[in-house]
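1 is the number of the first residue of the sequence shown in the UniProt record's numbering; add one for each residue after it. All C-beta atoms in this analysis are idealised placements derived from N, C-alpha and C, irrespective of residue type, glycine included. Take a look at the structure below.
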Amino acid sequence: MAPPIVLALPKGRLLSEALPLLARVGIEPEAAFLDDDSRALRFSTNQPGIELIRVRAFDVATFVAHGAAQIGIVGSDVVAEFGYPELYAPVDLGIGHCRVSLAEPAGLAAEDDPAQWSHVRIATKYPNLTRRHFEDKGVGADIVKLNGAMELAPTLGLADRIVDLVSSGRTLKENGLVEVEVIAQVTARLVANRAAFKTRADVAPLVDAFRAAADPRQAAAA
Numbered sequence: 001m002a003p004p005i006v007l008a009l010p011k012g013r014l015l016s017e018a019l020p021l022l023a024r025v026g027i028e029p030e031a032a033f034l035d036d037d038s039r040a041l042r043f044s045t046n047q048p049g050i051e052l053i054r055v056r057a058f059d060v061a062t063f064v065a066h067g068a069a070q071i072g073i074v075g076s077d078v079v080a081e082f083g084y085p086e087l088y089a090p091v092d093l094g095i096g097h098c099r100v101s102l103a104e105p106a107g108l109a110a111e112d113d114p115a116q117w118s119h120v121r122i123a124t125k126y127p128n129l130t131r132r133h134f135e136d137k138g139v140g141a142d143i144v145k146l147n148g149a150m151e152l153a154p155t156l157g158l159a160d161r162i163v164d165l166v167s168s169g170r171t172l173k174e175n176g177l178v179e180v181e182v183i184a185q186v187t188a189r190l191v192a193n194r195a196a197f198k199t200r201a202d203v204a205p206l207v208d209a210f211r212a213a214a215d216p217r218q219a220a221a222a
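Set out below in structure tokens:
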């Protein structure tokens, strides 16, 4: 008997958007999964062949790429940042809409001309995505890797600008920052481990079920 498929799900806002998709696929997590006081990270479901793990969004890609989970739900920003060749992202789930943007203090933006940049210093949790973006523009970039509190970097002199995930833009505004450029539009993707997708007969049908749940037109085109 094959071991259960492990589905990696991200903590936070994207998880709440993903739960209706799981329901449409027919996956119901055990009660502890929805208990905010639970410290468990691995959960059973109503389907004996499927288990869930709940991890940080950035870790979903790593768990799936290395085969610890067979499939997962994660933002396209994370897929682009890591670029794991072992990761297959066949389905745009149409949820988790946001963007990766370059932002800077409003005072700097008022007199700044991005066309004149030759070198920038950026604070971000997306060092690879950011570096590629500026390399494509022919601009040198010093990258300061941060995992959070990005908006503090310009205020405290750590970096002049930031690259971060933006939804409403409220956090930027409250910290005196403005968007200068949208680097990438982001939606959530269903990702699969390439080896598992090819070798396990139970993975592809589950991917197809998510495709149909996300958008019947995707299912028809598959």
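Handout entry: Alpha carbon of Ala213 to alpha carbon of Arg131, nearest angstrom
Key = 35 Å
Problem - Assigned secondary structure, Gln70 (DSSP; H/G/I helix, E/B strand, else coil) - result: coil
Practice task
Would you identify the three-state DSSP class for Pro154, choosing helix, strand or coil?
Solution key: helix
Handout entry: Neighbourhood of Glu28 by C-beta distance below 7 Å, restricted to the same chain and skipping five residues each side
Key = Thr45, Asn46
Practice task
Identify which residue in Ser118, Ser38, Pro10 has its Cα closest to the Cα of Phe58.
Solution key: Pro10
Exercise for the section: Reducing DSSP to helix, strand and coil, say where Lys11 ends up. Expected result: coil
Handout entry: Ranges of the alpha helix (DSSP H) found wholly within the region 175-199, counting only runs of at least 4
Key = 194-199
Problem - Pick from Ala32, Glu86, Leu52, Arg56 that is closest to His66, judged by C-alpha positions - result: Glu86
Handout entry: Nearest to Ala32 (by Cα), restricted to the options Leu156, Val25, Gly26, Leu41
Key = Leu41
Practice task
Would you list the residues sitting across from Tyr88 in a DSSP beta bridge?
Solution key: Ala192
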